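First comes the structure, then the notes that go with it.
Residue numbers (my numbering), protein chains in the order written: chain A, 1 to 152; chain B, 1 to 121; chain C, 1 to 163; chain D, 1 to 88.
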């Protein structure tokens, strides 16, 4: 069981910095097609901010912000977004993940359709990576039994 | 090369050189001090000032080809790195030393008395 | 109230980071700010309402920073001199010193601790029950503690006014 | 100015090389962790300087901001892990 650091300095500084780290993670996801980064990197930063919550406060606090149920829902929601963006192209008659064809159902030209398709892929990857990283971290710090760890 | 560019370059060179000088002093102290409590003095302080000075210099140089909006935004981003490090650097230093102290390691001293009351009575 | 202020701060930061002003990126910024606020709204500002005191504290904190920077430069010259001195082992005399503090608020304790870490020859190790454990690299620099810095931090966060 | 930045980046890389001495021969684990942190700060500045050399400042700023964040989180998590183990 992970024990909280009873340390006021780390708590206060993490309290001030965690929202900015989360905002930076979302920024990296949202600008993945124009600058370095993308879904995977942004998801890792978001997961790192939750790890910081666990380190600075404690496990129940992190669970209160981001419960196990939400985590499971997010990890499947990301795959859902990714797969449906791909299948939508397949259903419209192009290859899997060939976003240009999306201009048939979106009111934009093929270039912009490619842009938005890539963006939705980034969002899906980001959500899944964040959820899986958080579950991996929780499994590691509690030795694989974090449901019991919550009860004590 | 206008006179403004020359002045800007000189300021940037001075700032970055001082930053690197403090980095070098921190590294030398990191090698020479006797235990890790003292080594933390060298790295924690000198690296913070080194990052702040170098970031200031780099942020100034980012403005060297005109005050366009993109340049100003890049410069503000670099200053954000400096502010982040200004908050985070001392905290990381403190966290490492706190964990070392809590695991029961006492610092290297000359007279063997590790903890003394202050101010002395 | 704190939602609005944190939204403004986050959105300004988003605009600085993003640097793109089309509708798509700005709306993404709004969505991201709302997400961050909904997850961690109680982290940046803990009280839900602002008082006049907070503005004064911010102004005084900004005034405190130049003095702190000056002290940091002094500290770095001190450490650099120690590190580059050929007879370094004679000059240093490290100890952990323990002293009592008058400060009580969280923010002032943290500001004081980080200022100690950044300034001459001292690093905060532990705060416990109103006592600071500070590692000092020689006894001369420890002589100044708690001293002027505590006064200044107490002044910044108005510790003296409310008893 | 590019030559100046290149020289500074080389000096910083040399300092990183010196810091690796402590990472390899450091007597305690804490020494090695500090060494990781020191290498992190120098890499931050080298990344920013590389941004000028390759004329892609907007890209390298993001990378080095990310590096700063991860270096801070890494130090905190290391600190937490070793206080729990209680051995050095």
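Glycine included, every Cβ here is placed at the ideal spot set by N, Cα and C. Computed from a predicted model, the values in this text were never measured in an experiment.
Inset, instruction - Spell out whether any CB of chain A is found under 9 Å from the CB atom of residue 43 of chain B. - result: no
Inset, instruction - Answer with buried or exposed for residue 129 of chain A, where buried requires no fewer than 16 other C-beta atoms within 10 angstroms of its C-beta. - result: buried
Inset, instruction - Could you tell me the distance, in whole angstroms, from the CA atom of residue 122 of chain A to the CA atom of residue 62 of chain C? - result: 40 Å
Legend entry - Bridge partners - residue 78 of chain C, DSSP secondary structure assignment: Note: residue 78 of chain C sits in no beta bridge, so no partner.
Legend entry - Given residue 134 of chain A as reference, the closest of A/30, A/54 and A/15 once Cα atoms are compared: A/54
Inset, instruction - Kindly say whether residue 50 of chain D, judged by its beta-carbon, lies nearer than 9 Å to any beta-carbon of chain A. - result: no
Legend entry - Cutoff 9 Å: residue 102 of chain A Cβ touching any chain B Cβ: no
Inset, instruction - Using a cut-off of 9 Å between C-beta atoms, extract the partners of residue 10 of chain C located in chain A. - result: 19, 20 and 23
Inset, instruction - Label residue 17 of chain C either buried or exposed according to how many other C-beta atoms from any shown protein chain fall within 10 Å of its C-beta, with 16 as the threshold for buried. - result: buried
Inset, instruction - Check whether the Cβ of residue 36 of chain C sits closer than 8 Å to any heavy atom of the ligand FMN, and report yes or no. - result: This structure does not include the ligand FMN; it has no bound ligands of any sort.
Legend entry - Contact with chain B by residue 28 of chain D, beta-carbon distance below 9 Å: yes
Inset, instruction - With 9 Å as the threshold, decide whether the Cβ of residue 109 of chain B is near any Cβ in chain D. - result: no
Legend entry - Three CB pairs or more closer than 8 Å across the stretch 37-47 of chain D and the stretch 48-62 of chain B: yes
Legend entry - Selection from C/30, C/76, C/29 and C/46 that minimises the alpha carbon distance to residue 11 of chain A: C/46
Legend entry - Collapsed DSSP secondary structure at residue 49 of chain D in the structure displayed: helix
Inset, instruction - Name, in chain order, the residues that DSSP records as bridge partners for residue 134 of chain C. - result: C/97 and C/124
Inset, instruction - Locate the alpha helix (DSSP H) running through residue 105 of chain B, then write down its first and last residues. - result: Taken as a continuous stretch (DSSP letters only), residue 105 of chain B belongs to no alpha helix (DSSP H), as it is neither H nor E.
Legend entry - First through last residue of the alpha helix (DSSP H) which encompasses residue 110 of chain A: 110-142
Legend entry - C-beta atoms of residue 117 of chain C and residue 44 of chain B nearer than 9 Å: yes
Inset, instruction - Starting from residue 88 of chain C, follow the alpha helix (DSSP H) in both directions and report where the run begins and ends. - result: 88-91
Inset, instruction - Work out the CA separation of residue 51 of chain D and residue 72 of chain D for me, nearest whole Å. - result: 22 Å
Inset, instruction - Look at residue 101 of chain C and residue 112 of chain C and say whether their C-beta atoms are less than 9 Å apart. - result: yes
Inset, instruction - Name, going along the chain, the residues of the stretch 104-127 of chain C whose beta-carbon falls closer than 8 Å to a beta-carbon of chain A. - result: 106, 107, 109, 110, 113, 114, 124 and 127
Inset, instruction - Answer yes or no: do residue 126 of chain A and residue 29 of chain A have a C-beta to C-beta separation smaller than 9 Å? - result: yes
Inset, instruction - Quick one: list the residues of chain A neighbouring residue 14 of chain C, beta-carbon separation under 8 Å, in chain order. - result: 23 and 27
Legend entry - Contact set between residue 59 of chain D and chain A, taken where Cβ atoms lie within less than 7 Å: 35 and 36
Legend entry - Inter-stretch contact (C-beta, 8 Å, three-pair minimum) for the stretch 63-71 of chain B and the stretch 81-97 of chain B: no
Legend entry - Distance between beta carbons of residue 139 of chain C and residue 85 of chain C, contact taken as under 8 Å: With 8 Å as the limit, residue 85 of chain C and residue 139 of chain C do not qualify as a contact, their Cβ atoms being about 17 Å apart.
Legend entry - Straight-line gap, residue 74 of chain B to residue 24 of chain D (C-alpha atoms, nearest Å): 37 Å
Inset, instruction - Determine the direct distance from the alpha carbon of residue 25 of chain C to that of residue 82 of chain A, and round the result to whole angstroms. - result: 21 Å
Legend entry - residue 63 of chain B - containing alpha helix (DSSP H), residue span: It is not in any alpha helix (DSSP H) - residue 63 of chain B carries neither H nor E in the DSSP assignment.
Inset, instruction - Tell me whether the beta-carbon of residue 51 of chain B lies closer than 9 Å to the beta-carbon of residue 41 of chain D. - result: yes
Legend entry - Interface flag, residue 55 of chain B vs chain C, CB-CB below 9 Å: no
Inset, instruction - Show which residues of chain C have a CB atom less than 7 Å away from the CB atom of residue 106 of chain A. - result: Near residue 106 of chain A there are no residues of chain C at all, since even the closest Cβ is about 13 Å away, more than 7 Å.
Legend entry - Where residue 43 of chain C meets chain A, residues with beta-carbon distance less than 7 Å: 15, 18 and 19
Inset, instruction - Would you be able to state if there are at least three C-beta pairs under 8 Å between the stretch 76-96 of chain A and the stretch 12-27 of chain B? - result: no
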